[in-house]
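With the first letter of the sequence shown counted as 1, position 42 gets the number 41 in numbering that gives the first Met the number 0; the numbers rise by one all the way through. Heads up, the beta-carbon is just placed ideally off N, CA and C, and yes, glycines get one too.
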Amino acid sequence: MRMGVDVVLMQVTQRGTSPKKRRLTTVEFVQDEADLFSGLCVNSSLPMLNRVDPYRTQILTPADMPQFISEVEATCDLVKGQRERDILRKIHELAERCAEAASLELHLQGD
């Protein structure tokens, strides 16, 4: 059985430099109910998507977004199904928002 990978846009607030002061707030998320995104990642030949682990959380910063966005776009061009394209479009929107603000992170949350 495959595990879904939910994509969560997080607002990071941190007072000072201590990681203990770091707070995360969910801004928006895309739930991978049908394991569509995790399946696309597992079968991807693209380096960033292929590293997505359905069992762990991977944190991407705005600096990671250009590559992540290009890989999501390339995957969207390849998939045939409307459901796959829909979830990739939603993930793409979150990635675009993440790229625009230094205080945001994209969390790829495995089960």
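Cut-off 7 angstroms between Cβ atoms - residues of its own chain near lysine 89, not counting five sequence neighbours on either side: To locate residue 89, count along the sequence shown from 1; it is residue 90. Correct list, in chain order: Val29.
Contact between the region 13 to 27 and the region 41 to 52 (3+ Cβ pairs under 8 angstroms): no
contact_flag[the region 71 to 78, the region 91 to 101] where n(CB pairs < 8 angstroms) is 3 or more: With a cut-off of 8 angstroms, the region 91 to 101 and the region 71 to 78 count as touching, because enough Cβ pairs lie within range.
Assumed close pair alanine 101, proline 61 - CB separation to whole angstroms, cut-off 8 angstroms: Residue mapping note: residue 101 aligns to position 102 of the sequence shown, counting from 1. Residue mapping note: residue 61 aligns to position 62 of the sequence shown, counting from 1. Yes, they are in contact, since the Cβ atoms of alanine 101 and proline 61 sit about 6 angstroms apart, within 8 angstroms.
DSSP beta-bridge partners of valine 26: Counting from one through the sequence shown, the residue named residue 26 turns up at place 27. According to DSSP, valine 26 shares a beta bridge with no other residue.
Whole-Å CB distance - leucine 107 paired with leucine 59, under 8 angstroms assumed: Looking up residue 107 in the sequence shown gives position 108. Looking up residue 59 in the sequence shown gives position 60. Indeed they touch by this definition, with Cβ atoms about 7 angstroms apart.
Cα-Cα separation, glycine 3 to threonine 56: The residue you call residue 3 lines up with position 4 of the sequence shown. The residue you call residue 56 lines up with position 57 of the sequence shown. Straight-line Cα distance between these residues: approximately 11 angstroms.
C-alpha distance - valine 11 paired with aspartate 5, whole-angstrom precision: On the sequence shown, position 12 is the one that residue 11 refers to. On the sequence shown, position 6 is the one that residue 5 refers to. Cα to Cα, valine 11 sits roughly 18 angstroms from aspartate 5.
Simplified DSSP assignment, three categories, for valine 4: Locating residue 4 in the sequence shown gives position 5, where the first residue counts as 1. Three-state DSSP puts valine 4 in coil, outside helix and strand.
Rounded straight-line distance, which links the Cα of aspartate 52 to that of glycine 109: Indexing the sequence shown from 1 puts residue 109 at position 110. Indexing the sequence shown from 1 puts residue 52 at position 53. One C-alpha to the other measures close to 6 angstroms.
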